[in-house]
Structures are given as C-alpha cells and as structure tokens.
C-alpha cells in the first residue's frame with residue numbers, strides 16, 4: 001500500500017481524535033489566553049473579563065463573567081454590583097482542509113483524473129467583558145443591572161467547573 005496514503009490517514013485520524021478531546025474552558029485565572037481577568041479602574045470599579053476556547057458556549061462565558069464579578073465584589077467587601085457596561089464578542093475562524101488526489105495523467109494509454117474533497121469548519125470563541133461598579137448595602141430593586149453578589153454567587157456555584165488538579 002502507498003506509504004504517503006497511510007501516513008496522511010494516520011495524521012487525519014490523530015487530528016480528529018485530538019479535536020474531539022477539547023473541553024470547555026474551566027473557571028480559572030486567565031491562562032494561555034483563556035479564563036478570567038480583572039483590572040481595577042477606581043476604588044469600587046473594575047473591568048472584568050472572561051475568554052473561552054472554541055468548546056465553551058456563550059452562556060458559560062457570560063455566567064463565568066457574572067460569577068467573577070460577584071466573587072470580586074464580595075472579596076472587596078461590597079454587597080452588590082451594577083454592570084455599567086457589558087459586551088460579548090464572538091471570534092469566528094474558518095479552517096479549510098483539502099484531501100484527495102487531484103491531478104490528471106495517463107496510465108498506459110488511458111487518461112485519468114483525480115478529484116479532491118475540500119471541507120471547511122468554523123470555530124467560534126466567545127469573550128465577555130463588563131465594567132462593574134460595587135456598592136455596600138441593599139441592592140436597588142428598580143435597577144435591572146444591579147446584582148446581589150452573594151445571591152448570584154450561590155445561584156451560579158453549581159454551574160462552575162473548576163480546573164482538575166494535576
């Protein structure tokens with residue numbers, strides 16, 4: 001059998017197996033571009049962000065952003081926070097692969113032509129960021145952008161997946 005053909009089949013199989021092993025970004029400080037980060041803007045104002053890999057759905061990215069905002073609010077000694085600005089971006093990348101045996105030639109006296117197959121896959125990565133303003137006391141019930149940090153943290157805790165210990 002043709003050695004390049006076997007080699008290409010093995011490479012494609014390994015690539016497919018590795019792609020299947022990708023798991024969603026766990027809730028963790030930013031590492032290799034994925035996870036949460038924050039920047040202090042004022043004494044009670046932070047910019048919080050969370051970036052997920054291609055296996056992390058938009059909902060998880062947004063939940064982890066809110067969870068980090070709640071966690072940070074409580075760590076700073078505040079009771080609730082208001083989202084002053086919030087945005088979620090989708091970074092879509094396309095990868096095209098080509099396989100097959102294109103070409104034209106003659107085998108003895110018979111012409112032949114080969115056909116190739118092209119596939120395109122999209123990969124979407126979500127990143128969310130928000131400006132968070134923190135306050136002490138009771139949350140203003142009329143403000144739909146205000147969140148009770150303790151209650152939100154307790155409600156989202158069951159959805160948070162932390163990195164596995166190595």
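Numbering (our numbering), first residue to last: 1 to 166. Idealized CB from N, CA, C, for every residue including glycine. These figures come from a predicted structure and were not determined experimentally.
Looking at 39, 132, 61, the one whose alpha-carbon comes closest to that of residue 85 is 132.
Between the stretch 72–92 and the stretch 120–131 there are three or more C-beta pairs closer than 8 angstroms, enough to call the two in contact.
A straight line joining the alpha-carbon of residue 44 with that of residue 91 spans about 30 angstroms.
In the DSSP assignment, residue 35 is bridged to 51.
In the DSSP assignment, residue 148 falls within the beta strand (DSSP E) that extends over 146–148. Scanning 46, 29, 23 for the CA closest to the CA of residue 56 turns up 23.
Taking C-beta separations shorter than 6 angstroms and ignoring five residues to either side along the sequence, the partners of residue 64 in its chain run 27, 50, following chain order. Here residue 71 is buried, its C-beta having at least 16 other C-beta atoms within 10 Å. Taking 8 angstroms as the cut-off, the beta carbon of residue 126 is found closer than this to the beta carbon of residue 88.
By the criterion of a C-beta distance shorter than 7 angstroms, residue 152 is surrounded in its chain by 66, 70, once the five residues flanking it on both sides are discounted.
About 17 angstroms separates the beta carbons of residue 74 and residue 158, which is beyond the 8 angstroms limit, so they are not a contact pair.
Residue 117 and residue 140 have their C-alpha atoms roughly 59 angstroms apart. In this structure, residue 46 places its C-beta atom within 8 angstroms of the C-beta atom of residue 38. Under the DSSP assignment, residue 56 falls outside any alpha helix (DSSP H); it carries neither an H nor an E label. In the structure shown, the three-state DSSP call for residue 157 is helix.
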